[in-house]
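In terms of our numbering, the sequence shown opens at residue 3 and continues consecutively.
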Amino acid sequence: MAVRSIITGTGSALPPAIVRNADLEEKLDTSDTWIVERTGIRERRIAAPEVKTSDLAVEAAEAAMASAGVGAGDIDLVVVATATPDDTFPATATRVQARLGIRQGAAFDVAAVCSGFVYALTVADALLKTGAHKRALVIGAELFSRILDWEDRTTAVLFGDGAGAVILEARDEDGRGILAARLHADGRHGDLLFVDGGPGSTGTVGKLRMKGREVFRHAVTNLASVVEEVLADAGLEASAIDWIVPHQANARILEATARKLGLPMERVVMTVGQHANTSAASVPLALDQAVRDGRIRPGQLCLLEAMGGGFTWGAVLLRF
Numbered sequence: 003m004a005v006r007s008i009i010t011g012t013g014s015a016l017p018p019a020i021v022r023n024a025d026l027e028e029k030l031d032t033s034d035t036w037i038v039e040r041t042g043i044r045e046r047r048i049a050a051p052e053v054k055t056s057d058l059a060v061e062a063a064e065a066a067m068a069s070a071g072v073g074a075g076d077i078d079l080v081v082v083a084t085a086t087p088d089d090t091f092p093a094t095a096t097r098v099q100a101r102l103g104i105r106q107g108a109a110f111d112v113a114a115v116c117s118g119f120v121y122a123l124t125v126a127d128a129l130l131k132t133g134a135h136k137r138a139l140v141i142g143a144e145l146f147s148r149i150l151d152w153e154d155r156t157t158a159v160l161f162g163d164g165a166g167a168v169i170l171e172a173r174d175e176d177g178r179g180i181l182a183a184r185l186h187a188d189g190r191h192g193d194l195l196f197v198d199g200g201p202g203s204t205g206t207v208g209k210l211r212m213k214g215r216e217v218f219r220h221a222v223t224n225l226a227s228v229v230e231e232v233l234a235d236a237g238l239e240a241s242a243i244d245w246i247v248p249h250q251a252n253a254r255i256l257e258a259t260a261r262k263l264g265l266p267m268e269r270v271v272m273t274v275g276q277h278a279n280t281s282a283a284s285v286p287l288a289l290d291q292a293v294r295d296g297r298i299r300p301g302q303l304c305l306l307e308a309m310g311g312g313f314t315w316g317a318v319l320l321r322f
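If you want it as structure tokens, here you go:
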């Protein structure tokens, strides 16, 4: 029997403040109709000024730990995927580790933007399979509202804040767990989705910039391709997938990807309408919602996929 990494608990956290499209109409040259038709987004959560990324990460982590029935002494690896860390350093993961009372193992951040959680989950899976660690806390947490240009209607309407987390445990299993994972990057397209600042360049935080049409085209092609790769690795067909849990960037991207795979939208977990694009947090947020409302059940085949700035993209196929 092979050692596999199994998700034993999920959790999420959202700021209480809801910003609806109608609220943005008062500040930007936009409309609810324009936003919904092009993105599917109706509202997003925006954190209060005093809230840090680690605050949302800790809240999501505590929910995942409660779901899995584990405590601080049971976790020996903390991986946080974020493009909006609390500080340049130390890693936000170490902040989370300390606040949760975890005193053993390793903690580090992964920076792959919207693909961050898929990257972090794949890295944690690899470390668990080596035997170096036994149980990981994997988190995607973002405060994208802090890096938006609120005068740019093409990007300001797209993003929100939030966090999601899973407990990943190494077990000798014959059926459940992560079956296949693939990661990719192509830095030639970095100028299509980026932040125009950083400590090593401008010395400032910078603001998000995006060429939406080009990103859309690459996203549909890259996501369909990487999904086919993980299915081939696992020796399965797309029809075997019970649920796609995608990065929640844009409803039209999700629909186009599902069409390419020949899967109905009824099998796609979609939260973009309520959460907008929460970058690295979007996949674990959607996963937690679908687990808690009873859609995703033990034994079902789930596909997690995402693409983000860099470009980075990847997919994880698992039996829940």
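Idealized CB from N, CA, C, for every residue including glycine.
Values in this document were obtained by computation on a predicted structure and should not be read as measured data.
Contact check between the region 163 to 178 and the region 119 to 138: three or more CB pairs, one atom from each, fall below 8 Å, which counts as touching. Sequence-distant partners of Q302 (beyond 5 residues in either direction) whose C-beta falls short of 8 Å from its own C-beta, in its chain, are D244, W245, R321 and F322.
Under the 8 Å Cβ criterion, the region 64 to 84 counts as touching the region 93 to 111, having at least three qualifying pairs. Here A253 is buried, its C-beta having at least 16 other C-beta atoms within 10 Å. Between the region 62 to 70 and the region 145 to 161, the count of C-beta pairs closer than 8 Å stays below three; the two stretches do not touch.
The beta strand (DSSP E) runs lying completely inside the region 57 to 108 and spanning 3 residues or more are 79 to 83, given in chain order.
Segment contact: the region 5 to 22 against the region 171 to 190, three or more CB-CB distances shorter than 8 Å; contact assigned. Distance from V112 to A83 at the Cβ level is roughly 5 Å; contact confirmed, criterion being Cβ atoms closer than 8 Å.
Rounded to whole angstroms, D25 and I37 show a C-alpha spacing of 12 Å. Considering only I149, G189 and L160, the residue with the shortest C-alpha distance to G200 is I149. DSSP, read as helix, strand or coil, puts R44 in coil. In this structure, the alpha-carbon of A15 lies about 32 Å from that of S241. Put simply, the backbone Cα of Q99 is about 34 Å away from that of R22.
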